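> Just so you know, we're using the working numbering here: the sequence shown kicks off at 1 and counts up by one. Note that CB positions come from ideal geometry on N, CA and C, so glycine has one too. Since we're looking at a predicted model, the values are computed, not measured. Next up is a structure, given as structure tokens.
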Amino acid sequence: MSEIQNIQWFPGHMTKTKRKIQASLKLVDAVVEILDARIPISSRNPDIANLIQNKPRVVLLNKCDMADKNSTQKWIDYFKQNNISAIAVDCKSGKGINRFVPTLNNVLNKKLNSLKNKGMINPILRVMIVGIPNVGKSSFINRIAKQTKAKVEDRPGVTRGNQWYTISKNFELLDTPGVLWPKFDDQTTAEHLAFTGAIKDQIMDVELLAMRLIEVLSDIKPQKFMERFKLTDDVFENAENSYEILKIIGKKRGMLISGGEIDTERAATMLLDEFRAAKLGEITLELPVKV
Ligand code: G4P
């Protein structure tokens with residue numbers, strides 16, 4: 001997996017990104033970290049705490065439509081225990097987005113009140129979105145921007161080049177998200193990023209990846225996955241390895257090549273696509289143990 005790291009995020013790239021985010025951080029009062037609700041550990045940038053220091057933070061568990069609801073609640077509770085406000089959102093349908101501004105209000109309440117006490121009538125606080133690629137940063141900004149009309153253009157005193165959306169009476173959102181790098185420090189993380197599509201398939205062996213996904217799914221045995229391919233417990237017990245199950249899945253879909261052999265590459269791509277579209281069930285791959 002270190003090859004992937006080299007292709008997508010070489011150290012120079014990370015340093016540049018870090019500097020860019022640090023510059024934007026100077027302009028904001030809080031950071032909104034977007035995570036993929038299915039993989040809140042793997043979709044988290046390892047340096048986030050270090051980068052944002054003491055800035056107040058809101059976590060958005062995005063793509064909650066594809067995650068297991070109980071697990072998402074466990075994550076929200078976990079963050080709460082660690083004094084971080086987290087909300088579940090689905091930027092595709094807009095579900096949960098209406099809780100964003102009230103949550104920001106709670107998190108920045110102290111600061112707002114202190115500014116009001118200092119005589120500011122209508123204080124404006126600013127926030128920015130950060131997250132690794134593919135977690136839904138643009139989707140979130142588009143959603144929020146759609147709900148609110150005005151884009152605040154550059155104006156005197158505001159660093160040139162930055163544009164802001166007015167998202168409520170007291171808040172503005174930076175229109176460009178901070179793209180963070182994912183972590184690649186272990187195989188599981190890289191696999192989870194690949195299962196969810198955060199790492200592109202061109203640089204992965206799809207059959208190997210699908211076999212690993214089958215291994216993971218054989219532990220969880222999501223109902224939809226089992227029903228979709230008419231799999232039973234016996235299949236998992238009797239199969240010698242996940243390649244055999246991949247063949248069974250391909251056969252169920254009639255994916256044959258000349259000579260009657262099963263097209264396992266096609267089966268692998270189909271399985272990964274269906275997982276990414278949540279057709280195999282609402283599945284969370286990581287539960288709170290460590291962040
Ligand atoms: P990024 O800026 O962080 O890189 O992510 P982006 O918003 O581009 O979203 C990445 C993909 O995830 C997009 O799909 C987007 O539609 C999808 N997505 C974002 N939020 C959600 C969500 O809450 N639920 C679901 N189910 N999907 C979400 P895509 O296939 O790359 O593009 P498209 O389907 O929008 O054409």
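#1: From what residue to what residue does the alpha helix (DSSP H) around S295 run?
#2: Given this structure, state the Cα-to-Cα distance separating V101 from F140, to the nearest angstrom.
#3: Put A88 into one of helix, strand or coil per three-state DSSP.
#4: From L287 to L115, what does the alpha carbon distance come to, in whole angstroms?
#5: Around the Cβ of K221, are there at least 16 other Cβ atoms within 10 angstroms (buried) or fewer (exposed)?
#6: At a threshold of 7 Å, does S139 count as lining the ligand G4P (C-beta to nearest heavy atom)?
#7: Say yes only if the C-beta of K63 is nearer than 7 Å to one or more non-hydrogen atoms of the ligand G4P, and no if none qualify.
#8: Within the chosen definition, does the region 187-200 reach the region 209-228 through at least 3 CB pairs nearer than 8 Å?
#9: State the start and end residues of the unbroken alpha helix (DSSP H) segment that holds N45.
#10: So with Cβ pairs under 8 Å, would you call A210 a contact of chain C?
#11: Measuring alpha carbon to alpha carbon, tell me which of S242, L61, L180 ends up nearest T15.
#12: Return the first residue and the last residue of the alpha helix (DSSP H) that V206 is part of.
#13: Tell me whether K80 is buried or exposed, calling it buried when 16 or more other Cβ atoms sit within 10 Å of its Cβ.
#14: Just checking D219 against the ligand G4P - is the residue's beta carbon closer than 7 Å to any of the ligand's heavy atoms?
#15: Would DSSP call L61 helix, strand or coil?
#16: Express the C-alpha separation of K224 and E282 in angstroms, rounding to a whole number.
#17: Looking only at its chain, what residues have a beta carbon closer than 8 Å to the beta carbon of K20, apart from the 5 residues adjacent to it on each side?
#18: Excluding the five sequence neighbours on either side, which residues of its own chain have a C-beta within less than 8 Å of the C-beta of K169, listed in chain order?
#19: Alpha carbon to alpha carbon, what distance is there between F171 and L271?
#20: Answer yes or no: do N134 and A198 have a C-beta to C-beta separation smaller than 8 Å?
#21: The ligand G4P and D90: does the residue's C-beta get closer than 7 Å to at least one heavy atom of that ligand?
#22: Which residues does DSSP pair with M128 in a beta bridge?
#23: Let me know if M120 comes out buried or exposed under the rule of 16 or more other beta-carbons within 10 Å of its beta-carbon.
#24: Can you tell which of R38, N54, K55, I34 has the C-alpha that lies nearest to the C-alpha of N45?
#25: For a quick check, are the C-beta atoms of T284 and D77 less than 8 Å apart?
#26: Enumerate in chain order the residues of its own chain whose CB-to-CB distance from R143 is below 7 Å, with the five nearest sequence positions on each side excluded.
#27: For P222, verify whether its CB is less than 7 Å away from any heavy atom of the ligand G4P.
#28: Can you tell which of I129, D186, D185, A37 has its C-alpha closest to the C-alpha of V89?
#29: What does DSSP give as the partner residue(s) for E265 in the beta ladder?
Well, looking at it:
#1: Nothing can be reported for residue 295, as the shown portion of the chain is limited to 1 through 291.
#2: C-alpha separation (whole angstroms): 13 Å.
#3: Strand, per DSSP.
#4: Cα-Cα distance, rounded: 39 Å.
#5: It is exposed - the Cβ of K221 has fewer than 16 other Cβ atoms within 10 Å.
#6: For the ligand G4P, at least one heavy atom lies less than 7 Å from the Cβ of S139.
#7: At a threshold of 7 Å, K63 counts as near the ligand G4P, since its beta carbon sits closer than that to one of the ligand's heavy atoms.
#8: Proximity of the region 187-200 to the region 209-228 meets the contact definition, three or more beta-carbon pairs being nearer than 8 Å.
#9: Looking at the DSSP string, N45 is not in any alpha helix (DSSP H), and its letter there is neither H nor E.
#10: Protein chain content of the structure displayed is limited to a single chain, and chain C is not contained in it.
#11: The shortest C-alpha separation from T15 is found at L180.
#12: Secondary structure note for V206: its alpha helix (DSSP H) is the uninterrupted segment 206-220.
#13: Taking all protein chains in view, the Cβ of K80 is surrounded by fewer than 16 other Cβ atoms within 10 Å, so the residue is classified as exposed.
#14: D219: no, Cβ never under 7 Å from the ligand G4P.
#15: If DSSP states are grouped into helix, strand and coil, L61 belongs with the strands.
#16: Their Cα atoms are separated by approximately 9 Å.
#17: Excluding residues within five positions, the ones whose Cβ falls inside 8 Å are G178.
#18: Cβ neighbours of K169 beyond the five flanking positions: N122.
#19: For the pair L271 and F171, the Cα-to-Cα distance works out to about 42 Å.
#20: N134 is a Cβ neighbour of A198, given a cutoff of 8 Å.
#21: Distance from the C-beta of D90 to the nearest heavy atom of the ligand G4P is below 7 Å.
#22: Beta-bridge partners of M128 (DSSP): V31.
#23: Taking a 10 Å sphere around the C-beta of M120, we find fewer than 16 other C-beta atoms and assign the residue as exposed.
#24: Here the closest residue by C-alpha is I34.
#25: No, Cβ-Cβ distance for T284 and D77 is not below 8 Å.
#26: Cβ-Cβ distances below 7 Å link R143 to C91, G94, I97 in the same chain, with the five nearest sequence neighbours on each side left out; the list follows chain order.
#27: No, the Cβ of P222 stays beyond 7 Å of every heavy atom of the ligand G4P.
#28: When C-alpha distances from V89 are compared across I129, D186, D185, A37, the shortest belongs to A37.
#29: BP columns for E265 are empty, so no partner.
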